[in-house]
Amino acid sequence: VQTELEPIAESADLAGEYPDLELRQKLGRSGMMAIRLGPGPWLKALGCLGVKIPGGVAPEEFDYFHEMLAHQEFGRLGRPGFIDSLGAGFGISAPAIFHFASDSVKQ
Numbered sequence: 682v683q684t685e686l687e688p689i690a691e692s693a694d695l696a697g698e699y700p701d702l703e704l705r706q707k708l709g710r711s712g713m714m715a716i717r718l719g720p721g722p723w724l725k726a727l728g729c730l731g732v733k734i735p736g737g738v739a740p741e742e743f744d745y746f747h748e749m750l751a752h753q754e755f756g757r758l759g760r761p762g763f764i765d766s767l768g769a770g771f772g773i774s775a776p777a778i779f780h781f782a783s784d785s786v787k788q
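So, in structure tokens, the structure goes:
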């Protein structure tokens, strides 16, 4: 969070700019997006795609305490608009898609 986001968070937030695709993909590959979803079967599914939970936490050991730490780390940026643009919609929709969508939508 400090390395990738802090240097750009203030300027992007003040300018009303969305984080670019490259940054969002980087956060996705690093597992930083997944940990904001909270515990669930999606963490194991993402592991099959090569996404690892930061800190080496196993998907079955990841709990709400870990999720809370993730939200606190993002919150330390002090830029809620920027943080929400990084995945508020993803955090709301991904679990529902995982549980209820057809296989073609999931892919």
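Under my numbering, residues 682 to 788 are what the sequence shown spells out, in order.
Every residue, glycine too, gets a C-beta built ideally from N, C-alpha and C.
For a quick check, are the C-beta atoms of P735 and S711 less than 8 angstroms apart? Numbered from 1 along the sequence shown, position 54 holds the residue referred to as residue 735. Numbered from 1 along the sequence shown, position 30 holds the residue referred to as residue 711. With respect to the 8 angstroms criterion, P735 and S711 are classified as neighbours on the basis of their beta carbons.
Among residues of its own chain, excluding the 5 on either side of E685, which ones have a beta-carbon nearer than 8 angstroms to its beta-carbon? Locating residue 685 in the sequence shown gives position 4, counting from the first residue. Residues L704, K707, L708 of the same chain have their beta carbon placed closer than 8 angstroms to that of E685, with the five preceding and five following residues left out of the count.
Measuring alpha carbon to alpha carbon, tell me which residue in A777, L730, R760, A782 is nearest L665. As displayed, the chain neither begins before 682 nor continues past 788, which places residue 665 out of reach and without an answer.
From the DSSP output, in three-state form, read off R717 for me. One-based indexing of the sequence shown puts residue 717 at position 36. In the structure shown, R717 sits in a helix (DSSP, three-state: H, G or I).
Nearest neighbour of S692, chosen from I764, A782, S774 [CA to CA]: Within the sequence shown, the letter at position 11 stands for residue 692. The residue from I764, A782, S774 with its alpha-carbon nearest to that of S692 is I764.
Buried versus exposed call for V786 [16 or more other C-beta atoms within 10 Å across all chains shown]: If you number the sequence shown from 1, residue 786 lands on position 105. Residue environment for V786: exposed (fewer than 16 other C-beta atoms within 10 angstroms of its C-beta).
Write down the C-beta distance between P722 and F771 rounded to the nearest angstrom, noting that I regard them as a contact closer than 8 angstroms. For the purposes of this step, residue 722 is taken as residue 41 along the sequence shown, with counting starting at 1. For the purposes of this step, residue 771 is taken as residue 90 along the sequence shown, with counting starting at 1. Not confirmed; about 16 angstroms, so no contact.
Helix, strand or coil at G768 according to DSSP, with G and I counted as helix: In the sequence shown, residue 768 corresponds to position 87, counting from 1. Note: G768 maps to coil in three-state DSSP.
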